[in-house]
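A.B. asks: Structure in structure tokens, see below.
Protein chains: 2
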Amino acid sequence: MQFLHSDIESLEKHYRTQLINSLSGFKSANLVATINSSGQTNLAVFTSVVHLGADPALYGFISRPNSVPRHTIENIKDTGFYTINHITAEIIEPAHQTSARYTRNESEFDSTGLTVEWHAAFAAPFVQQSRIQLGLEYRDSMRIDLNGTDLVIGELGFINIKDDVIGSDGYVDIEQAGSITVSGLDSYHSTRKLASFSYAKPGRKLQRIRVEK
Amino acid sequence: MQFLHSDIESLEKHYRTQLINSLSGFKSANLVATINSSGQTNLAVFTSVVHLGADPALYGFISRPNSVPRHTIENIKDTGFYTINHITAEIIEPAHQTSARYTRNESEFDSTGLTVEWHAAFAAPFVQQSRIQLGLEYRDSMRIDLNGTDLVIGELGFINIKDDVIGSDGYVDIEQAGSITVSGLDSYHSTRKLASFSYAKPGRKLQRIRVEK
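Protein chains in written order, with the working numbering: chain R, -4 to 208; chain B, -4 to 208.
What follows is the structure, given as structure tokens:
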């Protein structure tokens, strides 16, 4: 089945949104937690967190101007800090529920049953149920003029993670840590490792690495 | 185990790269295919393809100035077109091999055994083995000054996909289509659907949807 540019443009709005959201491939599944200067916490599911570089350690995510998690970006600009918390299979339902349009005065922590956790070393709230918790400091926001969305960029300043999921080479076994992945707008998937491969060079056969696990 | 900002900054380079690449969560697994004005094809694995918006249908990916897939962005700017092809379990090894530093005059198609496929309606090469094939028209490139990378943005202009993986609501069952996901720099994972949830509203219990599959 083929869709040309004119076919894509003429699709019904909801159908189109599901289709275009599905086609980029599997997505990261994270809860972004913030607090505003009045002490009100906020929590929102984001599936657009993307690695931008390791030195400095930068991650980005896409913020839509008129979308639900707008409180997130307001709080980030207000305080300068936010956290990224991996979603696990046990919390997919409350994680999805954070996408509802709660008012500014309602905390998605209270509404969904997810638990606020604080770490002394970082100035934003974490999700206690997440087994991979990252603290980010806001660095920049870039407007994408083509559709009015923003790429929000932060630098990694804090990691909380179990020792046993970090390999000797720095690889984090996020599957073992229970992290899951998202497709489209609403579908959650667990994973099963197929293989890890050695660094690729021309003319050299790939080796399977970390096969002991 | 906790890492503070100073701990992260002082990590050994390769360890740090693996660690930071792993922590964003699961990533999309795509092959970006291009051709230059001399007719030389190029193919490179990208794990940073991200959905930017559905109307217009925009996807972005991150291009590193000094990295291997630099030929990709040169060709995109040269011709204005490129394709995104989902990686399936059957082709994870040749897909990973495309990350080797081949010279400008070598096509990763020839070097890895992946097959060029052309569709009459689109002016860039596709990967025949991919079951989800997308054609993109280049729209913009935004420099991220914090680390010198570029967000390359394209508009979806062509889709080739089997009818039976598109639901009546536009959701594409990319798991059924065989698409896989990546963690860190080198690890490939298949998926198993846990649940799809209804659109979330405050005070309303989520329903599981598409349960017939």
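Beta carbons are placed, not taken as given, at the ideal position from N, Cα and C, and that holds for glycine.
For the beta strand (DSSP E) that contains S58(B), what are its first and last residues?
C.D. replies: Annotation: the continuous beta strand (DSSP E) that includes S58(B) extends over A52 to S58.
A.B. asks: Can you have a look at R187(R) and say buried or exposed, based on whether 16 or more other CB atoms are within 10 angstroms of its CB?
C.D. replies: exposed
A.B. asks: Going by DSSP, what residues sit across from I161(B) in a beta bridge?
C.D. replies: V167(B)
A.B. asks: Alpha carbon to alpha carbon, how far is E85(B) from Y166(B)? Give it in angstroms, no decimals.
C.D. replies: For Y166(B) and E85(B), the distance between alpha carbons rounds to 23 Å.
A.B. asks: Please report how far the alpha carbon of E4(B) lies from the alpha carbon of D50(R), in whole angstroms.
C.D. replies: 8 Å
A.B. asks: Can you name the residues of chain R whose CB is closer than 7 Å to the CB of I68(B)?
C.D. replies: Near I68(B) there are no residues of chain R at all, since even the closest Cβ is about 16 Å away, more than 7 Å.
A.B. asks: Determine which residues share a DSSP beta bridge with N73(R) and list them.
C.D. replies: A small fix is needed here, since residue 73(R) is Asp in this sequence, not Asn. DSSP, once it has assigned bridges, lists no residue as partnering D73(R).
A.B. asks: Given that L151(B) touches chain R, what residues does it touch there, using C-beta distances under 7 Å?
C.D. replies: I3 and I15
A.B. asks: Identify, in the order they occur along the chain, each residue of the same chain with its Cβ nearer than 6 Å to the Cβ of S136(B), setting aside the five sequence neighbours on each side.
C.D. replies: D145 and V147
A.B. asks: My guess is that N16(R) and L141(R) are in contact by the Cβ rule of under 8 Å, so how many angstroms apart are they, rounded?
C.D. replies: That belief does not hold up - the Cβ atoms of N16(R) and L141(R) are roughly 17 Å apart, past 8 Å.
A.B. asks: What span of residues does the alpha helix (DSSP H) with I3(R) cover, start to end?
C.D. replies: H0 to E4
A.B. asks: Got a sec: is the Cβ-Cβ distance from L38(B) to anything in chain R below 8 Å?
C.D. replies: In terms of beta-carbon proximity, L38(B) stays away from the interface with chain R, with every pair separated by 8 Å or more.
A.B. asks: Would S185(R) and L189(B) be called neighbours here (beta carbons separated by less than 8 Å)?
C.D. replies: yes
A.B. asks: So that I know if they touch, is there some Cβ in chain B lying closer than 8 Å to that of N142(R)?
C.D. replies: yes
A.B. asks: Does Y126(R) come within less than 8 Å of chain B when only Cβ atoms are used?
C.D. replies: Strictly speaking, residue 126(R) in this sequence is Arg, with Tyr absent from that position. Chain B, which has no Cβ nearer than 8 Å to the Cβ of R126(R), makes this no.
A.B. asks: Which residue's Cα is closest to the Cα of F153(R): H114(R), K200(R), G20(R) and H9(R)?
C.D. replies: H114(R)
A.B. asks: Return no unless some Cβ of chain B is closer than 8 Å to the Cβ of F121(R).
C.D. replies: no
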